[in-house]
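**Q** Numbering (the UniProt record's numbering), first residue to last: 1 to 366.
First, the structure itself, so that you have it in front of you.
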């Protein structure tokens with residue numbers, strides 16, 4: 001079996017990390033993996049180190065209407081001679097739909113979160129139209145959470161008669177170190193890019209509110225809002241926030257180990273992997289009530305799910321976890337149990353491999 005994996009975003013984190021993990025696990029199963037991503041990126045270098053054949057020299061980020069990127073992706077698809085072309089994320093799927101290669105073989109598309117809901121009306125309509133066009137070219141659509149499956153049905157994003165399949169993201173449990181015995185329960189890890197999606201300004205609002213209570217927030221990750229966030233911290237003297245910037249994965253996890261809790265206040269998500277890692281590590285977890293977050297965290301059982309813009313709600317949840325060690329420990333244990341049963345890479349690769357086999361056998365998806 002030979003699979004061409006295509007993910008436009010070549011930066012570490014998010015969906016890219018999941019695609020690299022899937023590629024590694026497929027290679028271990030004896031699958032030949034060709035890998036196409038943003039030229040000269042972290043993902044291209046990492047994929048090569050895993051044993052994947054890195055193909056193409058494409059800039060996916062000149063613009064959505066860049067004909068050259070679509071044409072180059074078409075050349076990659078023709079030359080890769082893969083049994084299945086597997087697109088990850090809307091940008092890769094959009095360029096594939098415009099590449100002129102949709103009829104040349106089988107294809108799968110993993111939607112790593114529908115991100116258009118918070119856009120203005122006309123932008124939502126355009127984004128939905130683009131998703132429908134992409135989906136018409138795809139034999140099997142995969143959603144990373146049931147929320148996105150319901151959203152696809154509501155907006156009629158998939159072809160008539162198709163509902164897609166849901167495959168949650170997962171982690172390799174042995175990769176995640178345990179929380180340090182000296183971790184500070186009032187130290188909050190915020191792992192993720194400093195972008196509009198992750199709403200770092202809301203995190204600063206929460207930090208300012210909790211500053212008198214002795215809470216400290218560690219922002220782990222870079223992004224296009226990093227300079228703006230650093231300036232606001234200085235201007236408003238938000239002294240209980242440390243911006244670590246982009247860190248290697250091992251260093252990011254080591255920083256998380258020193259924290260007692262984890263916060264994800266995103267405006268939207270797909271199926272986020274950071275809270276899964278935090279649950280396995282043994283941190284108390286608080287997430288916003290968007291997209292697949294509620295499929296990761298069971299509110300009141302494995303952590304807390306808070307209305308996305310409810311600053312007081314986040315404060316209440318974080319205070320509770322810091323001040324009630326018995327309940328916190330019970331939630332942490334329940335969280336680890338859920339990770340082991342729902343969010344392992346072994347389960348992910350098994351489900352994807354079965355999906356590939358079904359697609360090759362039947363020539364179409366669900």
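Glycine is no exception: its CB is placed at the ideal position from the N, C-alpha and C atoms.
1. Does the Cβ of residue 89 have 16 or more other Cβ atoms within 10 Å, making it buried, or fewer, making it exposed?
2. For residue 280, which of 98, 262, 21 and 157 has the nearest alpha-carbon?
3. Do residue 5 and residue 86 have their C-beta atoms closer together than 8 Å?
4. The alpha helix (DSSP H) spanning residue 44 covers which residue range?
5. Residue 24: which of 50, 81 and 347 sits nearest, CA to CA?
6. By the 10 Å Cβ neighbour count, where 16 or more other Cβ atoms means buried, how is residue 182 classified, buried or exposed?
7. Please tell me whether residue 260 and residue 283 are closer than 8 Å, where the distance is taken between their beta carbons.
8. Quick check: is any heavy atom of the ligand FMN less than 7 Å from the C-beta of residue 127?
9. If we count the other Cβ atoms within 10 Å of its Cβ and call it buried at 16 or more, is residue 175 buried or exposed?
10. Note down, in chain order, each residue of its chain lying with its Cβ closer than 6 Å to the Cβ of residue 99, except the 5 sequence neighbours on either side.
11. Could you pull out every residue in the same chain whose Cβ sits closer than 7 Å to the Cβ of residue 136, ignoring the five residues on either side in sequence?
12. Skipping 5 residues on each side, what residues in its chain have a beta carbon closer than 7 Å to that of residue 345?
13. Hey, residue 202 and residue 265 are a contact pair by Cβ (cut 8 Å); roughly how many whole angstroms apart?
14. Output the boundary residues of the alpha helix (DSSP H) element that contains residue 146.
15. Let me make sure I understand the geometry here. Which of 143, 151 and 145 has the alpha-carbon closest to that of residue 128?
16. Measuring straight from C-alpha to C-alpha, what distance separates residue 65 and residue 330?
17. What do you reckon, are the CB atoms on residue 106 and residue 83 nearer than 8 Å?
18. Select from 47, 285, 311 and 310 the residue whose C-alpha is nearest the C-alpha of residue 382.
19. Can you check which of these residues, 361, 362, 356 and 363, is closest to residue 142 by C-alpha distance?
20. Mind listing, in chain order, the continuous alpha helix (DSSP H) runs of no fewer than 4 residues lying wholly within the segment 82–144?
21. Buried or exposed: residue 192, going by 16 or more other Cβ atoms within 10 Å of its Cβ?
22. Let me confirm a value: residue 337 is counted as buried when at least 16 other C-beta atoms fall within 10 Å, else exposed. Which label applies?
23. Straight-line CA distance for residue 217 to residue 242?
24. Distance, Cα to Cα, residue 214 vs residue 309?
25. Restricting to runs no shorter than 4 residues, where is the alpha helix (DSSP H) found entirely within the segment 180–264?
26. Counting along the chain, where does the alpha helix (DSSP H) carrying residue 332 start and finish?
27. Among the candidates 270, 239 and 204, whose CA atom is the shortest distance from the CA of residue 166?
28. Excluding five sequence neighbours on each side, which residues of the same chain lie with their C-beta closer than 7 Å to the C-beta of residue 190?
29. Note down the Cα distance separating residue 59 from residue 36, rounded to an integer number of angstroms.
30. Quick one: using the 10 Å Cβ neighbour count with 16 as the cut-off for buried, is residue 119 buried or exposed?
31. For the beta strand (DSSP E) containing residue 34, name the first residue and the last one.
32. Classify residue 288 as helix, strand or coil using the three-state DSSP reduction.
33. If you draw a straight line from the alpha carbon of residue 80 to that of residue 55, how long is it in whole angstroms?
34. With H, G and I counted as helix, E and B as strand and the rest as coil, what does DSSP make of residue 166?
35. Where do the N-terminal and C-terminal ends of the beta strand (DSSP E) with residue 4 fall, by residue?
36. Taking the alpha carbon of residue 9 as the point to measure from, which residue in 29, 3, 30 and 62 has its own alpha carbon closest?
**A** Concretely, from the data shown:
1. Taking the chain shown and counting its residues from 1, one reaches residue 89 at position 89. So residue 89 ends up on the buried side.
2. What you label residue 280 is simply residue 280 of the chain shown in a count that begins at 1. Among 98, 262, 21 and 157, the Cα nearest to that of residue 280 belongs to 262.
3. Counted from its first residue, the chain shown places residue 5 at position 5. Counted from its first residue, the chain shown places residue 86 at position 86. A Cβ-Cβ contact shorter than 8 Å links residue 5 with residue 86.
4. The residue labelled residue 44 in the question sits at position 44 within the chain shown. Taken as a continuous stretch (DSSP letters only), the alpha helix (DSSP H) holding residue 44 covers 42–50.
5. Here residue 24 refers to the residue found at position 24 of the chain shown. Considering only alpha carbons, the answer is 50.
6. Translated into the one-based positions of the chain shown, residue 182 becomes position 182. It counts as exposed.
7. Within the chain shown, residue 260 is the residue found at index 260, counting from 1. Within the chain shown, residue 283 is the residue found at index 283, counting from 1. Less than 8 Å divides the Cβ of residue 260 from the Cβ of residue 283.
8. Ligands are entirely absent from the displayed structure, and the ligand FMN is therefore not among its contents.
9. Indexing the chain shown from 1 puts residue 175 at position 175. Exposed.
10. On the chain shown, residue 99 is found 99 positions in, with the first residue counted as 1. Cβ neighbours of residue 99 beyond the five flanking positions: 70, 73 and 74.
11. On the chain shown, position 136 is the one that residue 136 refers to. Residues 159 of the same chain have their beta carbon placed closer than 7 Å to that of residue 136, with the five preceding and five following residues left out of the count.
12. Numbered from its first residue, the chain shown carries residue 345 at position 345. Counting only Cβ-Cβ distances below 7 Å, and skipping sequence neighbours, we find 21, 25, 170, 171 and 172.
13. As a first step, residue 202 must be located in the chain shown, where it is residue number 202. As a first step, residue 265 must be located in the chain shown, where it is residue number 265. Between residue 202 and residue 265 a beta carbon distance of about 5 Å is seen, short of the 8 Å cut, so the two are scored as contacting.
14. Numbered from its first residue, the chain shown carries residue 146 at position 146. Where residue 146 is concerned, the enclosing alpha helix (DSSP H) stretches over 146–154.
15. Stepping through the chain shown from its first residue, residue 128 is reached at position 128. Minimum Cα distance to residue 128 is reached at 151.
16. The residue you call residue 65 lines up with position 65 of the chain shown. The residue you call residue 330 lines up with position 330 of the chain shown. Taking the straight line joining both Cα atoms gives about 51 Å.
17. Locating residue 106 in the chain shown gives position 106, counting from the first residue. Locating residue 83 in the chain shown gives position 83, counting from the first residue. For residue 106 and residue 83, yes; Cβs fall inside 8 Å.
18. There is no way to answer for residue 382, as the model of the chain reaches only from 1 to 366.
19. For the purposes of this step, residue 142 is taken as residue 142 along the chain shown, with counting starting at 1. Closest by C-alpha distance to residue 142, out of 361, 362, 356 and 363, is 356.
20. If we require 4 residues or more, the alpha helix (DSSP H) runs fully inside the segment 82–144 come out as 90–97 and 121–136.
21. As a first step, residue 192 must be located in the chain shown, where it is residue number 192. By the beta-carbon neighbour count (other beta carbons within 10 angstroms, threshold 16), residue 192 is buried.
22. On the chain shown, residue 337 is found 337 positions in, with the first residue counted as 1. Result: exposed.
23. Taking the first residue of the chain shown as position 1, residue 217 is located at position 217. Taking the first residue of the chain shown as position 1, residue 242 is located at position 242. Computed Cα separation, rounded: 6 Å.
24. Residue mapping note: residue 214 aligns to position 214 of the chain shown, counting from 1. Residue mapping note: residue 309 aligns to position 309 of the chain shown, counting from 1. Roughly 22 Å separates the two Cα atoms.
25. If you keep only unbroken alpha helix (DSSP H) runs of at least 4 residues inside the segment 180–264, you get 200–210, 226–235 and 249–257.
26. Counting from 1 along the chain shown, the entry for residue 332 is found at position 332. Where residue 332 is concerned, the enclosing alpha helix (DSSP H) starts and stops at 325–342.
27. Counting from 1 along the chain shown, the entry for residue 166 is found at position 166. Residue 270 is the option with its Cα nearest to residue 166.
28. Within the chain shown, the letter at position 190 stands for residue 190. If we look at residue 190 and ignore the five residues flanking it on each side, its Cβ neighbours are 203, 217, 218, 219, 220 and 263.
29. Counting from one through the chain shown, the residue named residue 59 turns up at place 59. Counting from one through the chain shown, the residue named residue 36 turns up at place 36. Going by the C-alpha atoms only, they are around 11 Å apart.
30. Position 119 of the chain shown, counted from the first residue, corresponds to residue 119. So residue 119 ends up on the exposed side.
31. Residue numbering aside, residue 34 sits at position 34 when the chain shown is read from its first letter. Counting along the chain, the beta strand (DSSP E) containing residue 34 begins and ends at 32–37.
32. Start at 1 with the first residue of the chain shown, and residue 288 comes out as number 288. In this structure, residue 288 counts as strand in the three-state DSSP scheme.
33. Within the chain shown, the letter at position 80 stands for residue 80. Within the chain shown, the letter at position 55 stands for residue 55. The alpha-carbon atoms of residue 80 and residue 55 are separated by roughly 8 Å.
34. Your numbering for residue 166 matches position 166 in the chain shown. Strand, per DSSP.
35. Within the chain shown, numbered from 1, the residue matching residue 4 stands at position 4. In the DSSP assignment, residue 4 falls within the unbroken beta strand (DSSP E) covering 2–7.
36. Taking the chain shown and counting its residues from 1, the one referred to as residue 9 is at position 9. Relative to residue 9, the option among 29, 3, 30 and 62 whose CA is nearest is 62.
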